[in-house]
Amino acid sequence: MAKHLITGGAGFIGSHLADLLINNGESVTIIDNLSTGRFTNVAHLERNERFKCIIDNVSNEHLTEEMIRGADYVYHLAASVGVRLVIERPTEAIINNVMGTEIVLRNACRYRKPILIISTSEVYGKSRERVFSEDADCVMGPTSRSRWGYATSKAIDEFLALAYFQEKQLQTVVVRLFNTVGPRQTGHYGMVIPTLVRQALLNQPLTVFGDGTQSRCFAHVWDVVPMLVDLLGRPDTAGLVFNLGTQEEVSIKRLAERIIELSGSKSTITYVPYKEAYPPGFEDMERRVPDLSRLKRFTGYEPKHQLDDILRDVIRHLQEKVPQQDAVAIGA
Ligand SMILES: NC(=O)c1ccc[n+]([C@@H]2O[C@H](COP(=O)([O-])OP(=O)(O)OC[C@H]3O[C@@H](n4cnc5c(N)ncnc54)[C@H](O)[C@@H]3O)[C@@H](O)[C@H]2O)c1
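Going by the numbering used here, 134 is the number at position 26 of the sequence shown; the sequence numbering is gapless.
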C-alpha cells in the first residue's frame with residue numbers, strides 16, 4: 109500500500125483523486141486550506157482509516173515538510189485557481205501559486221519523493237496554433253494585464269519543476285490540464301459549466317460572454333484523475349510535460365444551448381460583452397485544443413466520457429443543491 113499526499117485535496121479535482129486512490133486500496137493524506145475547496149468534498153472519506161485530512165496551508169512549511177517526508181508520492185494541486193481569482197486578488201494568487209510550489213518542490217527534493225505538478229492550458233497564452241503541443245511557444249500578454257498573472261505563475265511552477273529534474277534529478281512530472289469538469293466543481297470562481305448549469309436549473313438567463321463563438325474542449329474529471337496516477341507512478345515520465353484534456357471542441361454558445369436542452373430549462377441566453385464582465389483590456393482565447401499524442405503514447409489514454417455525459421453528471425449533481433421549489437426537472 110503506497111502513501112499519497114495531495115495538496116489541494118479538498119478541491120474539485122483533488123477530492124476525486126483522493127476517491128480514486130482510496131478505492132485502489134492506497135493510503136491518502138490531503139492538505140487544504142479550504143480557500144476555494146470544501147470539506148464536504150471529502151467528508152465521505154473521513155471514517156476511512158487510510159485517509160487523513162489536514163486543514164492547513166502548504167505555506168506552513170514545517171507541516172508540509174513532515175507530510176512530504178511521510179509520503180511515497182506527492183500530487184501538488186493546491187493553487188489559486190483561474191483567471192478571475194487572479195484578476196480579483198492578484199497579489200495573494202501569484203504568491204500562493206509560486207511560493208506554494210517552491211515549498212512543495214524543495215521538500216520533495218529533500219526527501220527524494222516523486223512529485224506531480226499540476227499546470228494549466230492557460231500557459232499557452234495567446235498562441236494561435238491549431239492544436240497546442242507541449243513544446244510549442246507560450247505567448248504571454250503584457251504584465252500590465254493581471255489576467256496573465258495566472259498563466260505566468262503556473263509557467264514559473266513548470267520551470268521550477270523541470271529545473272529540479274535537470275539539476276537535482278528529482279522525479280518531477282508536469283501535467284497541463286485543459287478545462288476539467290464534473291461533479292463538485294463550483295461556479296463561484298467563474299467556471300463556465302457549473303455557472304451555466306446553475307442558471308439553467310433556476311430558469312434564469314444563461315450568461316455567455318462575448319458572442320459565444322469562442323470554443324473549449326471539456327474533459328470529465330473521471331477521465332482526468334486516473335491519468336495523474338498513471339503519470340506519477342513511473343520513472344519514464346520524469347522531466348516531461350503532458351497535456352491532459354479532450355479534443356471534443358464546442359462553442360460556448362452551443363454549450364449553453366445544450367445545457368438548456370439537457371436540463372429541460374426554460375432559460376434563454378444573454379450575451380454579455382467582455383467589457384462588462386471583466387476589467388478593460390481583457391483578452392479571451394478563441395480556441396484551446398490540446399495535442400494529446402504524447403499522453404496517448406505513454407498511457408494509451410482514451411477519454412470515456414463525451415460532453416453530454418459531463419453535462420448530465422453536472423446537472424444531476426447541481427440539481428441536488430439548487431432549492432427544490434426553484435429547480436427544473438432533468439430532461440432526456
Ligand atoms: N478545473 C480546471 O479546469 C483546471 C484547469 C487547469 C488547471 N487546473 C489546476 O488544477 C488544480 C486543482 O484545481 P481545481 O479545479 O480542483 O480547483 P479547486 O479550487 O477546487 O482546488 C484547489 C484547491 O487548493 C486549495 N488551496 C489553494 N491554496 C492552498 C494552499 N496555499 N494550501 C492548501 N490548500 C490550498 C483550495 O482550497 C482548493 O481546495 C489547480 O492547481 C488548478 O490550477 C484546473
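Note that beta-carbon positions come from the ideal geometry of N, C-alpha and C, so glycine has one too.
Check	Outcome
For R236, the nearest candidate out of T228, E242, R405 and C246 (CA to CA)	C246
Cβ neighbours of A308 in the same chain (closer than 7 Å, five flanking residues each side left out)	L314, I367, I368, S371, S373 and S375
Through-space distance from S254 to A437, alpha-carbon basis	Note that A437 scores a pLDDT of 42, beneath 50, so its modelled location is shaky; the value from the coordinates is reported in the next line. C-alpha separation (whole angstroms): 40 Å.
C-alpha distance - Y297 paired with A118, whole-angstrom precision	16 Å
Touching by the beta-carbon criterion (3+ pairs, under 8 Å), the stretch 128-147 and the stretch 167-177	yes
Top-ranked residue by Cα proximity to A216, from S229, G257, T280 and S188	T280
DSSP bridge partner residues for C246 (one or two, in chain order)	Looking at the DSSP assignment, C246 forms no beta bridge with any residue, so it has no partner.
Three-pair Cβ contact test at 8 Å for the stretch 196-203 versus the stretch 266-283	no
Distance between R292 and M109 (C-alpha atoms, nearest Å)	27 Å
Cβ-heavy atom distance, E230 to ligand 1, below 8 Å	yes
beta-carbon T144 near ligand 1 non-hydrogen atom, thresh 8 Å	yes
Minimum length 3: unbroken beta strand (DSSP E) runs contained in the stretch 340-375	348-352 and 357-359
Short Cβ contact (9 Å threshold) for V349 with E230	no
L125 and I223 closer than 9 Å at C-beta	no
Exposure label - K221; buried when at least 16 CB within 10 Å	buried
Buried or exposed by the 16-neighbour rule on C-beta atoms within 10 Å, applied to I203	exposed
Residue ranges of each beta strand (DSSP E) within the stretch 248-288, 3 or longer	280-285
Near ligand 1: G73 beta-carbon under 8 Å from a heavy atom	Any property of residue 73 remains undetermined from this structure, which presents the chain solely from 109 to 440.
Beta carbon of L113 nearer than 9 Å to that of V182	yes
Cβ pair F390, I360 closer than 9 Å	no
Within the stretch 380-424, ranges of the alpha helix (DSSP H) (whole runs, at least 4 residues)	382-385 and 401-407
Closest residue to R342 among D180, W256, T144 and R146 (Cα-Cα distance)	D180
Cβ shell of L185 (< 8 Å), same chain only, five flanking positions each side left out	I114, T115, G116, G117, G119, I121, G122, L125 and I226
Heavy atom of ligand 1 within 8 Å of D245 beta-carbon	no
Contacting residues, own chain, Cβ-Cβ under 7 Å from I211 (five flanking each side not counted)	V166, S167, E169 and T172
Heavy atom of ligand 1 within 8 Å of Y297 beta-carbon	yes
Residue nearest to R192 in terms of C-alpha spacing, selected from D421, A385, T407 and Y379	A385
Residue span of the alpha helix (DSSP H) that contains H170, given as start and end	E169 to R177
Exposed unless 16 or more other CB atoms sit within 10 angstroms - verdict on N156	exposed
Counted within 10 angstroms of its Cβ, other Cβ atoms place Y232 as buried (16 or more) or exposed	buried
Secondary structure, beta strand (DSSP E): runs of 3+ residues fully inside the stretch 304-331	314-317 and 323-325
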